[in-house]
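Residue numbers (the numbering used here): 46 to 355.
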């Protein structure tokens with residue numbers, strides 16, 4: 046293999062045809078099970094080979110996350126190398142089982158942000174942060190309704206929208222369409238994987254949650270709940286065509302799967318902006334709580350130290 050051919054393969058990497066990133070910006074890699082598709086580790090790159098097509102090399106440093114659809118055979122070294130680079134891997138086999146996430150195990154339980162661990166686990170700060178998450182979810186809901194019906198969005202913004210009322214609307218949309226839950230689960234798993242690198246970059250622990258306490262990816266699941274209305278919206282758009290609704294078993298494939306991925310990636314820029322703003326606000330909120338709590342703790346320590354021993 047000539048160097049020119051290898052470089053051309055790397056530059057020509059595509060994800061579902063038109064989902065192409067740049068050599069600078071990190072990107073997601075989506076792969077669908079095929080009998081002739083093989084994935085290998087070639088130095089600091091993934092080598093993707095498929096019968097009848099040119100080999101493709103993708104440097105690991107260019108990957109943000111990896112999503113694999115179907116039952117693929119992967120060498121352990123590939124999973125380890127991706128995890129070591131901080132690249133989460135999402136496995137969706139389409140046979141009724143839940144999606145599986147692979148990430149670095151050493152990040153579990155590490156006290157990366159002592160402020161986060163302190164306030165997320167102690168009342169009344171837990172309640173304050175939980176209320177903040179609820180307010181952010183309502184904001185996402187209103188933005189979704191603005192896309193669906195600006196008139197309805199204004200009405201709901203004026204009258205107020207309860208979580209109960211919102212879920213009633215979603216339950217009505219899900220009615221007589223068991224496939225809704227399948228697609229919603231796929232998109233939710235993709236959102237969770239999307240959030241992990243952003244949480245890590247914000248120096249927050251993805252496992253230390255408020256609404257999802259004591260579980261893996263607890264904080265990431267909290268944020269999934271906040272942005273869940275966006276996933277509902279994408280699911281709603283997909284099933285706008287009644288012909289796509291129906292019974293089970295069912296799993297999107299071919300052009301349908303491509304459409305799902307393309308639409309998710311089209312919302313990437315919006316989600317990236319929204320999530321980063323939310324994480325910045327959370328860090329500001331924690332610092333604000335610090336400003337109220339730390340002086341009080343110092344006063345208590347000084348008072349305790351000043352008291353004579355008995």
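Cβ coordinates follow ideal geometry from the N, Cα and C atoms, glycine included.
Subject >> Burial state of residue 96 (16 or more Cβ within 10 Å) >> reply: Counting Cβ neighbours within 10 Å, residue 96 comes out exposed, since fewer than 16 surround it.
Subject >> Beta-carbon spacing of residue 78, residue 115 below 7 angstroms >> reply: Contact: yes.
Original post:
For the 8 angstroms Cβ check, are there 3 or more pairs between the segment 297 to 315 and the segment 270 to 281?
Top reply: Yes, the segment 297 to 315 is in contact with the segment 270 to 281.
Original post:
Between residue 90 and residue 256, what straight-line distance do the alpha-carbon atoms span, to the nearest angstrom?
Top reply: Those two C-alpha atoms are separated by around 38 angstroms.
**OP:** For the beta strand (DSSP E) holding residue 113, just list the boundary residues, first then last.
**Re:** Per DSSP, residue 113 belongs to the beta strand (DSSP E) from 108 to 114.
Subject >> The beta strand (DSSP E) enclosing residue 182, as first and last residue numbers >> reply: Taken as a continuous stretch (DSSP letters only), residue 182 belongs to no beta strand (DSSP E), being part of the alpha helix (DSSP H) at 170 to 193.
Original post:
Would you call the segment 236 to 253 and the segment 121 to 139 touching, i.e. three or more CB-CB distances under 8 angstroms?
Top reply: At 8 angstroms Cβ cutoff, the stretches touch.
Subject >> Residue burial classification, residue 181 (beta-carbon count within 10 angstroms, cutoff 16) >> reply: By the neighbour-count rule (16 or more Cβ atoms within 10 Å), residue 181 is buried.
Original post:
For residue 260, does the three-state DSSP call read helix, strand or coil?
Top reply: The DSSP-derived three-state label of residue 260 is coil.
**OP:** Indicate the three-state DSSP secondary structure (helix, strand or coil) for residue 90 in the structure shown.
**Re:** Residue 90: strand per DSSP, three-state reduction.
**OP:** Please name the residue in 175, 105, 85, 140 whose C-alpha comes closest to that of residue 120.
**Re:** Of the candidates 175, 105, 85, 140, the one whose C-alpha sits nearest the C-alpha of residue 120 is 85.
Subject >> Option nearest residue 215 by Cα separation, candidates 190, 203, 195, 164 >> reply: Nearest option by C-alpha distance: 190.
**OP:** Going by DSSP, name the residue or residues bridged to residue 82.
**Re:** According to DSSP, residue 82 bridges with 95.
Original post:
Three-state secondary structure (DSSP) at residue 102?
Top reply: Strand.
**OP:** Identify, in the order they occur along the chain, each residue of the same chain with its Cβ nearer than 7 angstroms to the Cβ of residue 192, setting aside the five sequence neighbours on each side.
**Re:** Cβ within range, chain order: 278.
Original post:
What three-state label does DSSP hand residue 202 in the structure shown?
Top reply: DSSP places residue 202 within a helical segment (H, G or I) once states are collapsed to three.
Original post:
When the Cβ atoms of the segment 196 to 211 are set against those of the segment 285 to 299, are three or more pairs found closer than 8 angstroms?
Top reply: Here the segment 196 to 211 does not lie against the segment 285 to 299, with fewer than 3 beta-carbon pairs under 8 angstroms apart.
Original post:
Where does residue 145 land, buried or exposed, given buried means 16+ other C-beta within 10 angstroms?
Top reply: Exposed.
Original post:
What do you reckon, are the CB atoms on residue 237 and residue 269 nearer than 7 angstroms?
Top reply: Yes; because the gap between Cβ atoms is below 7 angstroms, this pair is in contact.
Original post:
Quick one: is residue 329 buried, meaning 16 or more other Cβ sit within 10 Å of its Cβ, or exposed?
Top reply: Burial call: exposed.
Subject >> Presumed contact (8 angstroms Cβ cut-off) between residue 250 and residue 162, rounded CB distance >> reply: Right, the Cβ-Cβ distance comes to about 7 angstroms (below 8 angstroms), so this counts as a contact.
Original post:
In three-state terms, what does DSSP make of residue 247?
Top reply: Three-state result, residue 247: coil.
Original post:
In whole angstroms, what separates the C-alpha of residue 209 from that of residue 194?
Top reply: In a straight line, the C-alpha of residue 209 is about 19 angstroms away from that of residue 194.
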